[in-house]
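To start, the structure under review is shown below, and the notes come after it.
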Amino acid sequence: MAEHDGEFATTIGQDASFSGKLQFEKGARLLGAFEGEISTKGQLVIAGSGRLSGEASAGNIRVEGQVNGNLSASGKIQLTESARLEGDIAASKLEVAEGAVLVGRCAIGAKPDERAAAGVVKTASASVDKVKPMRSEAPAPTAGGVAPTAIGR
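So this is what it looks like as structure tokens:
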């Protein structure tokens, strides 16, 4: 984790379970379970043991644990290799590590209120539609009945 323990004004412990609405001026770290809304101007870290069910908005968000809900950051959202997020993301920047699981829609790049006003949402399926096949048809088989491949050419 990039932040040191002393840099978080608030830590919700691993054995804690809360529900409701939490607002912080500085950074917060979630080690336990929370259901509801979290809002902070600083960094929000959902640790590997952390579970969030609901909405979160922050300056930057780092997810190492599980989130079932929507995330919004004025800066960057980072999903580590252990992260599992089922929900929508809105942020200026998105970093997804190999192994992270993201099921939802992403709006990345513009400022949060500009994204909301324009209704801008980019989905993974929209990116897939732009992929063009490298070859439009299969190669013809050779006399031996085996199609040539690019390997070994």
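Per our numbering, the very first residue in the sequence shown carries number 1; after that it's consecutive. Each residue gets a CB set at the ideal place from its N, CA and C atoms; glycine is no exception. Because the structure is a prediction, the values reported are computed rather than measured.
- Message: For residue 43, count the other beta carbons within 10 Å of its own beta carbon; 16 or more makes it buried, fewer makes it exposed. Which is it?
- Response: As a working note, residue 43 is residue 43 in the sequence shown. Buried, since its Cβ has 16 or more Cβ neighbours within 10 Å.
- Item | Outcome for residue 45 when other beta-carbon atoms lying within 10 angstroms are tallied against a minimum of 16 | Counted from its first residue, the sequence shown places residue 45 at position 45. The residue is buried, with at least 16 neighbouring Cβ atoms inside 10 Å.
- Thinking C-alpha only, which one of 50, 26 and 56 is nearest residue 37? The residue labelled residue 37 in the question sits at position 37 within the sequence shown. Of the listed residues, the one whose Cα sits closest to residue 37 is 56.
- Query: Who are the Cβ neighbours of residue 101 in its own chain at under 6 Å, not counting the five residues just before and after it?
  - Reply: For the purposes of this step, residue 101 is taken as residue 101 along the sequence shown, with counting starting at 1. Only 84 meet the Cβ criterion.
- Query: How many Å lie between residue 17 and residue 75 at the Cα?
  - Reply: Numbered from its first residue, the sequence shown carries residue 17 at position 17. Numbered from its first residue, the sequence shown carries residue 75 at position 75. Taking the straight line from one Cα to the other gives about 27 Å.
- Message: Suppose you measure from the CA of residue 33 to the CA of residue 91; what does that come to, to the nearest Å?
- Response: The sequence position of residue 33 within the sequence shown is 33, counting from 1. The sequence position of residue 91 within the sequence shown is 91, counting from 1. Their backbone Cα atoms lie some 23 Å apart in a straight line.
- Consult DSSP for residue 19 and reduce its assignment to one of helix, strand or coil. Position 19 of the sequence shown, counted from the first residue, corresponds to residue 19. DSSP, reduced to helix, strand and coil, places residue 19 within a strand of the structure shown.
- Is DSSP giving residue 35 helix, strand or coil here? Along the sequence shown, read from residue 1 onward, the residue named residue 35 stands at position 35. Secondary structure of residue 35 (DSSP, three-state): strand.
- Start and end residues, beta strand (DSSP E) containing residue 51: Sequence index remark: in the sequence shown, residue 51 carries index 51 (1-based). Unbroken beta strand (DSSP E) run through residue 51: 51-58.
- Message: Less than 8 Å between CB atoms is the rule here; does residue 108 satisfy it with respect to chain B?
- Response: Among the chains of the structure shown, chain B does not appear; only one protein chain is present.
- Task: Using DSSP bridges, identify the partner residues of residue 24.
- Result: For the purposes of this step, residue 24 is taken as the residue at position 24 of the sequence shown. Note: residue 24 sits in a beta bridge opposite 40.
- Query: Is it right to say residue 63 is buried, meaning 16 or more other beta carbons lie within 10 angstroms of its own, or is it exposed?
  - Reply: Translated into the one-based positions of the sequence shown, residue 63 becomes position 63. Buried: at least 16 other Cβ atoms inside 10 Å.
- residue 13, DSSP secondary structure in three states: As a first step, residue 13 is located in the sequence shown; it is residue number 13 there, counting from the start. Residue 13: coil per DSSP, three-state reduction.
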